[in-house]
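To keep things clear, I will list the structure first and then write my remarks on it.
Chains as they are written, first to last, in my numbering: chain R, 7 to 95; chain F, 62 to 357; chain P, 146 to 537.
The structure is reproduced here in structure tokens:
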């Protein structure tokens, strides 16, 4: 038996933030044109939420569960392969 | 045959509540990608701590502790000492991270002590140039004539009176072996600096400029662009000082300061007031001095 | 092994026997020798520990917070201004349930600045969630440290403990002290076994933000835990008696109170003097005893009620006052006795502030004064001449 130490309030388990789907925040979401994408990785290195990733074969895809629609990826893509599209809601 | 390189494991989880387009969250993500799993982080009170750890959730995938607003450096000292006592100081590295408020101002004493002792800690200051977490109040790193809620432009004021406190020089003056500036606009540079710093024993200091869409007043999508402009205009030079010597400077395509200032609401008063033109010239002088000082 | 040694040095040597792995303390009169002695002990390789020199008490407390959160046994010591400077960190340490042990050499608080003994420092931090123990003499102060680690690190407690000894009165006096051997201490106090801590093999986050929906539950947890610590404090005292043959009471110590009509209540070193006066008064036929509050937090309400039940008069001697309120110890005593069927007349005397000496005669006097009627928050021992001339 251990003390009443409220560990579930005071201590956070890794990955627990994933329960918070921040995708609901956005107004616009990014669409990747895979024909233009060269998998340069710049969008991956520019996303504050870690929502865009991929490789040279699959090209790059967005995790819409968390994407806040900031538009940084579209802004930095050297091939203009990403466009921000308004959410249909 | 197309080669694919597997992207490293994310240690900074999505689901954090940073503002959309937040420079700090990108910095944290990049830092952890570079640092890897074997780090322990201490974090000052501030934006980063608040938007990553609202009980019971946490966005951190490495051991992390938040104590107070002004003691992340001392807590890191204690962790480094404990790791030495446990014989783990080579395997597990310690990073202390605080905002410009927690670093230049309220947390300054503790950082000075840590640097003076040369504790084996990498101190990272994420610089969004004001106390952003509490609503955009002035800090010691708020730039010359920048508007904040406590240095507002008004009938008899043009914003923040003082230039940025030169924290990197202060670190060098303490004999810190590795001092560097970085920004998220140059992510690989930031990551390389983090990796390099973590391989060095003793205190290290990296100041990372992290633009804030809300506090600086620009569209969320421009965070990377503005981060680069800060460097290209000379206002935030990117360099390394190792053992007291300037060893690297990021060379850029020079641009006039207006290109940076005009995009941000916090400098709008410099374009709308008639005295603003003189101020812009003074800011250009600061930038020019930086270009002269940081040459390789 | 018995030797005549200064109080502070005895504490330092005892702390070394407890094998803390990280020590960080900032020098402040009258605690300085603890820090210096521990520095020497580490420098001579007699204790394998990290000794961190810091730039302030605030940092010292933060350093031990970080080290304790990493799962190692730690130690710090301070006094007065230093304790107040670390107050923010103390709330943090208790809130994060870290078993930090610290020593406070009780000293008055500025302004005006005064380096001599009273209880204002430790009592000011009473809300923070630390277990507070008060030593009557140097032997107890040493033994208290060993017990403190055992209490703090108990998985049913996990709270910081502050061991208090009166500045200069105890810290700088030389007493014969019986030191246990390293083996004896190791047997009584095994290695600290942390629960969740900063560990790359199990990466947790500590120090989260708790909103209005859940903060209150953490304070409830703290309150329940410190209440539960009462039984651990008592048990550790009993176990210590079995292992080392010395016992000072658990939460309280009662001295000649059973058939007493009058009980004098106090804490710390003054208890020894009060016991001497009580012995003399007993010779003179008075039915009088002493109640020593050993554990101030958690406050031993039940024990206080038990000892003072049915007594004709209570006299509280205390070295502190909450300005604008009452004597601090008195507030807790009165709160404990509230609601008793037969309320007991309680007089409390504020004495000894800023190191003002309390002699046997002073104790006799206040007992006598209380005979004539209840005295509340009576400052005893004021220099009338100074009072008269202080605003001329």
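Ideal Cβ positions, reconstructed from N, Cα and C, are used throughout, including at glycine.
Cut-off 7 Å between Cβ atoms - residues of its own chain near residue i, not counting five sequence neighbours on either side
i: residue 98(F); result: 72, 123
i: residue 52(R); result: 78, 79, 82
i: residue 165(P); result: 194, 218, 219, 220
i: residue 250(P); result: 175, 176, 224, 310, 312, 316
i: residue 2(R); result: The structure shown does not extend to residue 2(R), since chain R is modelled only from 7 through 95, so no value can be given for it.
Own chain, CB closer than 6 Å to residue i, minus 5 neighbours either side, in chain order
i: residue 413(P); result: 279, 311
i: residue 308(F); result: 301
i: residue 155(F); result: 101, 137, 140, 141, 182
i: residue 409(P); result: 419, 435, 460
i: residue 333(P); result: 388
i: residue 252(F); result: 91, 95
i: residue 490(P); result: 458, 519
i: residue 254(F); result: 241, 243, 267
i: residue 376(P); result: none
i: residue 168(P); result: 183, 194, 196, 220
i: residue 273(P); result: 235, 236, 239
i: residue 88(F); result: 187, 245, 269, 271
In DSSP terms, what residue i is bridged to
i: residue 494(P); result: 462(P), 523(P)
i: residue 198(F); result: 192(F)
i: residue 311(P); result: 251(P)
i: residue 354(P); result: 115(F)
i: residue 268(F); result: 186(F), 242(F)
i: residue 260(F); result: Note: residue 260(F) sits in no beta bridge, so no partner.
i: residue 60(R); result: 66(R)
i: residue 154(F); result: 100(F)
i: residue 323(P); result: 147(P)
i: residue 506(P); result: Per DSSP, none; premise fails for residue 506(P).
i: residue 438(P); result: 397(P)
i: residue 301(P); result: Paired residue(s): none; residue 301(P) is not in a bridge.
i: residue 36(R); result: 90(R)
i: residue 160(F); result: 187(F)
Cutoff 8 Å; reference residue i; Cβ partners in own chain excluding five residues on either side
i: residue 221(F); result: 199, 203, 204, 205, 206, 207, 208, 209, 212
i: residue 291(F); result: 244, 246, 270, 272, 297, 321
i: residue 253(P); result: 225, 259, 260, 261, 262, 263, 265, 266, 498, 499, 500
i: residue 432(P); result: 404, 405, 406, 407
Partners in chain P for residue i, counting only beta-carbon separations shorter than 9 Å
i: residue 178(F); result: 197, 198, 199, 200
i: residue 306(F); result: The premise fails here: residue 306(F) is roughly 27 Å from chain P at the closest Cβ pair, so nothing lies under 9 Å.
i: residue 173(F); result: 200
Cross-chain neighbours of residue i in chain R, by beta carbon under 7 Å
i: residue 341(P); result: 13, 17
Residue i: contacting residues in chain F (beta-carbon distance under 7 Å)
i: residue 344(P); result: 124
i: residue 5(R); result: For chain R, the structure presents residues 7 to 95; residue 5(R) sits outside this window and is missing.
i: residue 40(R); result: None at all; the shortest Cβ gap to chain F is about 14 Å.
i: residue 76(R); result: 81, 82, 281, 282
Under 8 Å from the C-beta of residue i: neighbouring residues of chain R
i: residue 118(F); result: 18, 22, 23, 25, 26
i: residue 73(F); result: 56
i: residue 114(F); result: 18
Partners in chain P for residue i, counting only beta-carbon separations shorter than 7 Å
i: residue 93(F); result: The premise fails here: residue 93(F) is roughly 11 Å from chain P at the closest Cβ pair, so nothing lies under 7 Å.
Whole-angstrom C-beta distance between residue j and residue i, which should lie under 8 Å
i: residue 449(P); j: residue 522(P); result: Going by Cβ atoms, the distance from residue 449(P) to residue 522(P) rounds to 19 Å, so no, they are not a contact pair.
i: residue 338(F); j: residue 294(F); result: 17 Å between Cβ atoms; not a contact.
i: residue 157(F); j: residue 119(F); result: With a Cβ gap of about 18 Å, residue 157(F) and residue 119(F) do not count as contacting.
i: residue 196(P); j: residue 183(P); result: 7 Å
i: residue 397(P); j: residue 438(P); result: 6 Å
i: residue 378(P); j: residue 326(P); result: About 24 Å; that fails the 8 Å criterion.
i: residue 318(P); j: residue 347(P); result: At roughly 47 Å, the Cβ-Cβ gap does not stay under 8 Å, so residue 318(P) and residue 347(P) are not in contact.
Chain F contact residues for residue i, given Cβ-Cβ distances below 8 Å
i: residue 212(P); result: 139, 140, 142, 143, 146
i: residue 215(P); result: 101, 139, 140, 143, 144, 147
i: residue 194(P); result: 146
i: residue 306(P); result: The contacting residues do not exist; residue 306(P) stays about 18 Å from chain F at best.
Listed by chain order, chain F residues near residue i by CB distance under 9 Å
i: residue 187(P); result: In chain order: nothing, as chain F lies at least about 11 Å away.
Contacts that residue i makes with chain R (C-beta to C-beta distance below 9 Å)
i: residue 76(F); result: 21, 22, 23, 24, 25, 26, 27, 28, 55, 71, 72
C-beta neighbour in chain C for residue i, strict 8 Å
i: residue 245(F); result: Here chain C cannot be found, since the structure's protein chains are R, F and P.
Scan the region 139-150 of chain F for residues whose Cβ lies nearer than 7 Å to a Cβ of chain P and list them as they occur along the chain.
The residues in question are 139, 140, 142, 143, 144, 145, 146, 147.
Chain P contacts from the region 24-36 of chain R (Cβ-Cβ distance under 7 Å)
none
Cβ-based contacts, 9 Å cut-off: residues of the region 228-248 of chain P near chain R:
240, 241, 242
Short of 7 Å Cβ to Cβ, which residues in the region 349-372 of chain P face chain R?
Within the region 349-372 of chain P, the qualifying residues are 349, 350, 351, 353, 355, 359, 362, 363, 366, 369, 370.
Listed in chain order, which residues of the region 51-70 of chain R have Cβ atoms closer than 9 Å to some Cβ of chain F?
Per Cβ criterion, the list reads 51, 52, 53, 54, 55, 56, 57, 59, 60, 61, 62, 63, 64, 69.
Quick one, which residues of the region 152-182 of chain P are near chain F if we go by CB-CB under 8 Å, in chain order?
166, 167, 169
Given a limit of 8 Å on CB to CB distance, which residues of the region 519-535 of chain P reach chain F?
Those residues of the region 519-535 of chain P that come within reach of chain F (Cβ to Cβ, closer than 8 Å) do not exist; the list is empty.
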